[in-house]
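Asks: First residue of the sequence shown: 210, per this note's numbering; consecutive thereafter.
Think of the CB as a built atom: it goes at the ideal place given N, C-alpha and C, for glycine as much as any other residue.
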Amino acid sequence: MHLARRCGLSAGGAPLAPTVRRFACAGALGCALWTPSTCGWGEYRTPERRVVAVGMPMSCQLREETQMSEHAEVVVVGGGIMGVSVAHALTQLGVRDVVVLERRTLAAGASGKTGALLRQHYTNVPEATLARISLEIFQHWAEYIGGDCGFQQTGMIVTVSTSGADAVNIEKMHRVAAMHQRVGIRTHIVSPEELRGLQPFVITDDIAAAAWEPDSGVVDAVAATRSMAEAAARGGARIRDGVEVTAIRVVGDRVFGVDTSDGPVDAPSVVVAAGSWSVPLLAAVGVVVPIEALRVQVAVLNRPFSMPATGTMSYVDTAAGFFCRNWGPNRTLAGVGGGEFHDVVEPDDYDERIDPAFGPAVKRAMSIRMPAMADATVLYGHAGIYDMTPDTHPVLGAAPGVAGLLLALGFSGAGFKKGPAIGRCLAEGIVHGRSQSVDLTPFRLERFEDDSWRRPWSEDEYSFSTDFGHRF
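1. At which residues does the alpha helix (DSSP H) containing R653 begin and terminate?
2. Which word fits H389, buried or exposed, when buried means at least 16 other C-beta atoms lie within 10 angstroms of its C-beta?
3. Whole angstroms is fine: what's the gap from M522's alpha carbon to V474's?
4. Assuming A418 and G632 form a contact by the criterion Cβ under 8 Å, report the distance between their Cβ atoms to the nearest whole angstrom.
5. Relative to the C-alpha of A581, which candidate in M597, L614, T541 has its C-alpha closest?
6. Can you tell me which of D450, G466, G451 puts its alpha carbon nearest to the alpha carbon of I457?
7. Are A296 and V304 close, meaning C-beta to C-beta below 7 Å?
8. If you follow the alpha helix (DSSP H) that C634 is in, where does it begin and where does it stop?
9. Give me the Cα-Cα distance between R312 and S470, rounded to the nearest whole angstrom.
10. So V604 and T338 are in contact, right, with Cβ under 8 Å, and what is the actual spacing, rounded?
11. Using C-beta distances below 7 Å, list every residue in its chain close to R405, excluding the 5 sequence neighbours before and after it, in chain order.
12. Is the distance from the Cβ of T332 to the Cβ of A446 below 7 Å?
13. With H, G and I counted as helix, E and B as strand and the rest as coil, what does DSSP make of E380?
14. Is V497 helix, strand or coil when you go by DSSP?
15. Can you grab the Cα-Cα spacing for the pair D660 / G622, in whole Å?
16. Who are the near neighbours of C533 in its chain, counting only those whose CB is closer than 6 Å to its CB and skipping five residues on each side?
17. Which value, in whole angstroms, describes the spacing of the CA atoms of V587 and P569?
18. I'd like to confirm the pairing. Which residues does DSSP put opposite H397 in its beta bridges?
19. Under a three-way DSSP split, which group does L404 fall into?
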């Protein structure tokens, strides 16, 4: 490195920006600075304090800063369920100097608009296992986390149609259920008659079979996110909302922290978990993540008196083309599959209202399975964003080429239910060098460079005629 740059000047003699100057001088000459080890994904070590070498000229000990830097061992970008789960898991593993930065308020993004259906029904082992671990945490929230996440054990139904392209899924569903049993998920394949016994108000003429998860349920997504954040704070993490991360700071091939609307934060590890809003931050440091923001709508309906006030299971009804869950007594939250109501948008510029035609479409789809819902009343609704990847599976783990930079994004509308387990896995990677609970290798970003993402994650991956935005 040229001596001028080592002393805070560019090669042409012009002063470097304050942030760059701080690292150029301190890194080269040993000025007092929190510096990370040279580890990448994992190999976590507490940053070591470097001391000014005796006899170094004071002119090279440049510490000119427009703002004092804050320090942390780990910075987490994003205050949704992923970000706060990572923070909490880190504190449980002894890393207490963690700061979570959220530009708005906790759960202001996708986590605050999710339906929070705790489905475990995945056709691949990694995601099924993540969902199973997370469900256990949601079920025993007070023990694991403290506080209340609003968990209700409603049960979950996933249907398969008798006709068309969906017919090939019948045998697959039986094999998937067997896989679920192996990884600890209670899944039962029920006949149309058995489903009517469980839910007498449904029509099953078009169903070949259904997978029933008796242990699954729903939570209050905002309450869960805030409760997890409170638990992280009790463990020592700093939760800071209203602070926007404006840039990720990288020197050479490793991360050194972030710049924010409230000043810089130095850290040897940065976890980016801000959904679609992560894309420009990462692109600025050469990490390209193929994510599109997809606008997706849900509606809340008042069930007619002919429907039970409680006791309705959650449904992912691929045959009728809708998903739903209880939203309090006599109320249902629901959405429909298909591309008619899905739009690629800018994450900061989209219509958060539901389309005029959306409510009637929900009623039509639900009444195929539950005829009484034709008389339901649409109360209100909203639109949120899925951070869609090309294969609809998330990106988890180390960012290639930037040591210390970790990713948790691209959940494609199916992330919340796996949040607590993903937080644990990423924290294990930072502290132990690899995830110990679930192997995250399939979720690596590099899969989009070698085209391996085009291959199904399981031989039993479903081919549904209804598109819910993500694969099972």
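Replies: So, from the listed chains and residues:
1. Run containing R653: none; DSSP gives neither H nor E here.
2. Buried.
3. Looking at the two C-alpha atoms, the distance is approximately 45 Å.
4. Cβ atoms of A418 and G632 stay farther apart than 8 Å, at about 34 Å.
5. For the set M597, L614, T541, the Cα lying nearest the Cα of A581 is the one of T541.
6. Nearest C-alpha to I457: G466.
7. Contact check for A296 against V304 fails: the beta carbons are separated by 7 Å or more.
8. In this chain, the alpha helix (DSSP H) harbouring C634 covers 628 to 641.
9. Cα-Cα distance, rounded: 9 Å.
10. Their Cβ separation, rounded to whole angstroms, is 18 Å, which puts V604 and T338 out of contact at 8 Å.
11. Around R405: V411, T413.
12. Taking 7 Å as the cut-off, the Cβ atoms of T332 and A446 do not count as close.
13. In the displayed model, E380 falls within a helix according to three-state DSSP.
14. Note: V497 maps to coil in three-state DSSP.
15. Straight-line measurement puts the Cα of G622 at about 22 Å from the Cα of D660.
16. Cβ neighbours of C533 beyond the five flanking positions: Y524, T541, A543.
17. As the crow flies, the alpha-carbon of V587 is around 8 Å from that of P569.
18. BP columns for H397 point to W421.
19. The answer is helix: DSSP assigns L404 an H, G or I state.
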